[in-house]
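Numbering of the sequence shown is given in the numbering used here, commencing with residue 1 and proceeding in unit increments.
The beta carbon of each residue, even a glycine, is placed where N, CA and C say it ideally should be.
Predicted model, so just to flag it, every value in this text is computed and none were measured.
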Amino acid sequence: MRIPFIGGNWKMNLSLEEAIKFVEEIKPKLPAANVVETAIAASPLFLESMIEHNSDSPLQITAENCFYKNCGAYTGEVSPQALSEMGVGYVIVGHSERRRYFNETNDIINKKVHAVLDNKMVPIICCDETMGRLDNGDHFSWVVSQVTAAVQGVSEDDAAKIIIAYEPSWAIGTGHSASTAEAEEGCYLIRQTLADIYSDEIADQIRILYGGSVTEKNIAALMKEPDIDGVLAGKASLSPNEFIKLANFQSLK
1 MRIPFIGGNW KMNLSLEEAI KFVEEIKPKL PAANVVETAI AASPLFLESM IEHNSDSPLQ
61 ITAENCFYKN CGAYTGEVSP QALSEMGVGY VIVGHSERRR YFNETNDIIN KKVHAVLDNK
121 MVPIICCDET MGRLDNGDHF SWVVSQVTAA VQGVSEDDAA KIIIAYEPSW AIGTGHSAST
181 AEAEEGCYLI RQTLADIYSD EIADQIRILY GGSVTEKNIA ALMKEPDIDG VLAGKASLSP
241 NEFIKLANFQ SLK
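Structure follows, in structure tokens:
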């Protein structure tokens, strides 16, 4: 059985003081990790302090990105080894904003996936589709190609640990979420792709999330779908009250 995963991606938002206050506020209101797993991805500037204030909490403090080398002459990059040693358990890789603004290719993202796994962390691999691809009717082939490239060379044992986040770029931060049926169709196709690459057994273990204008109003319907194991929220995760509602989606009507 796949444990639901409710994640938040703050992007380049909040201050250190706000981040610490956020963690302190939500800690006592989160479900147990064996019921719903929760995670917040924040700026690398905040991670150590957030981890220090997150003791005895089920919340997973997560990195928004990392480089694909542990060390070297890579000014401004974040070492996956340093993140692991700090106590970070999850790292987002391949977000559409990294692809668009920083020209990250499928090859770079694949290298990052391996670097995260090599450092005993779990990659949350984002795959997206553009509005142009959607209008052209071939958006699902675009999603499949990103998934296939991201897991190239990843063993079955490691593949069972990864998380995939299906985030249509036209739905991220726009207020226009994919319909429940569209979200489920994308996640289903990703699971079938993983089954083709590995096996049905491995694909059934991998958690697949939906991201893109997730709110308390649509999360309950999304989480009822068989291939949607959780969400990766953006704007809604910036508010402690909103994130707590997402984390406790099972109590929403």
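- Counting only residues of its own chain and dropping the five nearest sequence neighbours on each side, V214 has a CB closer than 8 Å to the CB of S177, L222, V231, L232, A233, G234, A236 and L246.
- In this structure, the CA atom of L30 is about 21 Å from the CA atom of E64.
- Between the alpha carbons of W10 and S239 lies a distance of about 10 Å.
- Leaving aside the five residues that flank N70 on each side, the residues in its chain whose CB is nearer than 7 Å to its CB run, in chain order, S79, P80 and Q81.
- Under the three-state reduction of DSSP output, V93 falls in the strand class.
- Of the candidates G153, D229, P44 and G72, P44 places its Cα closest to the Cα of I61.
- By the neighbour-count criterion, in which a residue is buried when 16 or more other Cβ atoms sit within 10 angstroms of its Cβ, S179 is exposed.
- In this chain, A39 is not harboured by any alpha helix (DSSP H); it is covered by the beta strand (DSSP E) spanning E37 to A42.
- DSSP places Q192 in the uninterrupted alpha helix (DSSP H) bounded by T180 to I197.
- For V154, the three-state secondary structure derived from DSSP is coil.
- Between N106 and A150 the beta-carbon gap is near 7 Å, inside 8 Å, which marks them as a contact.
- For F5, the number of other beta carbons within 10 angstroms of its own is at least 16, and it is reported as buried.
- Annotation: A32 is outside any beta strand (DSSP E) and is labelled neither H nor E by DSSP.
- Under the three-state reduction of DSSP output, V23 falls in the helix class.
- By the criterion of a C-beta distance shorter than 8 Å, P58 is surrounded in its chain by L30, P31, A32, A33, E37 and T38, once the five residues flanking it on both sides are discounted.
- Taking the CA atoms as reference points, E129 sits about 11 Å from H95.
- Setting aside the 5 residues that flank it on each side, I244 is surrounded in the same chain by I26 and K29, each with a C-beta closer than 6 Å to its C-beta; the list follows chain order.
- According to DSSP, N9 shares a beta bridge with A41.
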